[in-house]
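Below you'll find the structure, written out as structure tokens, and then a few comments.
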Amino acid sequence: MSDELVALASRLVSYDTSHSEGVLEAAGFVKGWLEARGIEAAADEIRGLPVLKAEVGPESAQTVVLHGHLDVVPGRPGQFEPRVEGDRLYGRGSYDMKGAVAAMLLTLAAMREQDRVRVRLGIVGDEESEEEAERGSDHLVDSGFLGDFAITGEPTDLHIGVEAKGVLALRVEVAGVAAHGATPWLGDNAVLRALDVFRSIESLPFARQSSELFDRPSINLGRILGGDALNKVPDRCAIDVDIRYLPDQDPAAVLAEVRAIGGAAVEPLFTRPPAVVDRDLVYVRALRDAIAAHHDGEPMSVGRDGASDAVSFLRVGVPAVEFGPSGEGHHGPQEWVSVESLNTYRQALEAFLRSLPSREDG
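Position one of the sequence shown corresponds to residue 250 (the numbering used here), numbered consecutively onward.
Structure, rendered in structure tokens:
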């Protein structure tokens, strides 16, 4: 099973899914892989990107949704050529989250013959996008692809993510005064002023707050749009700031703090709510039991700094957690996933699903 899992994960990594054509190709492969194993797969689209659905098990049984995404952020040349070195499978998306998708595919196939639980697999192609509306995971949920519990396979190093930060993405526009590049002292450089505004954002009161699972919010300057000529002092600059706020923070209050800095026009680009799930729920405890043997500490002691598409399920009352394999470097130049953890992850998913009683057994 290990060789099959690594081969499947490697195949998924080989698709450059940082663009729509690659996502569609990868989704076609996944659909064919499922159907070759006798599992019917339905393909839908949102904004031209695929939404795949498949399921096994009786309709009347308890239902668990395994949820993942195929899209990735852009990678460097060579990152879509997977390679295994020791315990590490390198490649863009290996950790976030094609390794987890491969394990979920094998888990779904392994659960074909049992009749105690219905297992649904939902895969989207736009988790990494900046779109606020018409998102694949929301479409999945709104189409009725629900369950009693959902697991999103984001990287958690085999911990159970019971909280995730929310997203408040802002565009901050700053004005300056143009001048000749040879006499910059006669102007007011808008790019430098924008950097000062960003440093002020990092020093605001909300940025120094913490919670049980998070040391601080995350604040990243993701884009700078300024200047139109090398020999001119730029008189306008826009920066896009990615704020991941804590679950107990109010995004409206965070926005008010940023706007109070002054000297800039601040407008939200998009928002996503934080994810919080009750760690005492029976499904969460059952998943904890399935992975506890592989931990020295507490497997639920983790909060995810990244935003979570699990909120699509949470907003309609379906409890959902993030749970994925171990690795490092997602969105970076040396992304990898542990091969051993992929096997452990697949085993834990199957053990969790097989531990659930039938409805008749209570």
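We treat Cβ as the ideally placed atom computed from N, Cα and C, and that holds for glycine.
Keep in mind that this is a model prediction, so the values were computed, not measured.
{"Item": "Any non-hydrogen atom of the ligand ADP closer than 7 Å to Leu444 Cβ", "Value": "Among the components modelled here there is no ligand, and therefore nothing to report on the ligand ADP."}
{"Item": "For Leu602 and Arg367, the rounded distance between their alpha carbons", "Value": "9 Å"}
{"Item": "Own chain, CB closer than 6 Å to Ala291, minus 5 neighbours either side, in chain order", "Value": "Lys302"}
{"Item": "Where Gln583 falls, given that 16 or more other Cβ within 10 Å makes a residue buried", "Value": "exposed"}
{"Item": "Sequence ranges, beta strand (DSSP E) only - wholly within the stretch 281 to 354, length at least 3", "Value": "290 to 295, 298 to 305, 311 to 318, 332 to 334 and 337 to 339"}
{"Item": "Candidates Gly546, Gly385, Pro433 and Val305, of which the one nearest Gln363 by Cα", "Value": "Val305"}
{"Item": "Top-ranked residue by Cα proximity to Pro483, from Asn592, Ala428, Glu308 and Tyr594", "Value": "Ala428"}
{"Item": "Where Val567 falls: helix, strand or coil (DSSP)", "Value": "coil"}
{"Item": "Under 8 Å between C-beta atoms of Leu215 and Thr356", "Value": "No information on residue 215 is available, as it lies outside the stretch 250 to 611 that the chain covers here."}
{"Item": "Whole runs of the beta strand (DSSP E) within the stretch 572 to 597, excluding any shorter than 3 residues", "Value": "585 to 587"}
{"Item": "Span separating the alpha-carbon of Phe463 from that of Gly277", "Value": "38 Å"}
{"Item": "Spatial distance of Ser557 from Glu289 (CA atoms)", "Value": "27 Å"}
{"Item": "Alpha-carbon spacing of Met353 relative to Ser267, whole angstroms", "Value": "21 Å"}
{"Item": "Start and end residues, alpha helix (DSSP H) containing Asp391", "Value": "Gly385 to Asp391"}
{"Item": "Beta-carbon spacing of Gly555, Glu383 below 8 Å", "Value": "no"}
{"Item": "Closest by C-alpha distance to Asn480, when choosing among Ala431, Ala509, Leu444 and Ser459", "Value": "Ala431"}
{"Item": "Cα-Cα separation, Phe398 to Val300", "Value": "19 Å"}
{"Item": "Cβ-Cβ distance between Ala456 and Arg448 below 8 Å", "Value": "no"}
{"Item": "Glu412 classed as buried or exposed, judged by whether at least 16 other C-beta atoms fall within 10 angstroms", "Value": "buried"}
{"Item": "Unbroken beta strand (DSSP E) run spanning Ser467, endpoints", "Value": "Ser467 to Gly475"}
{"Item": "Nearest residue (CA-CA) to Leu389, options Glu294, Leu470, Asp320 and Thr312", "Value": "Glu294"}
{"Item": "Same chain, Cβ closer than 6 Å to Val262, neighbours up to 5 away in sequence not counted", "Value": "Pro331, Gly340, Gly342, Ser343 and Lys347"}
{"Item": "For Pro323, the nearest candidate out of Leu338, Gly271 and Arg361 (CA to CA)", "Value": "Gly271"}
{"Item": "Local Cβ density within 10 Å of Trp246, reported as buried at 16 or more and exposed below that", "Value": "Outside the displayed span of the chain (250 to 611) sits residue 246, for which this structure offers no information."}
{"Item": "For Pro574 and Leu591, believed in contact at Cβ under 8 Å, the rounded distance", "Value": "5 Å"}
{"Item": "Neighbourhood of Thr593 by C-beta, 7 Å cutoff - its chain only, sequence neighbours within 5 removed", "Value": "Leu407 and His543"}
{"Item": "Separation of Glu380 from Gly393, as counted between CA atoms", "Value": "21 Å"}
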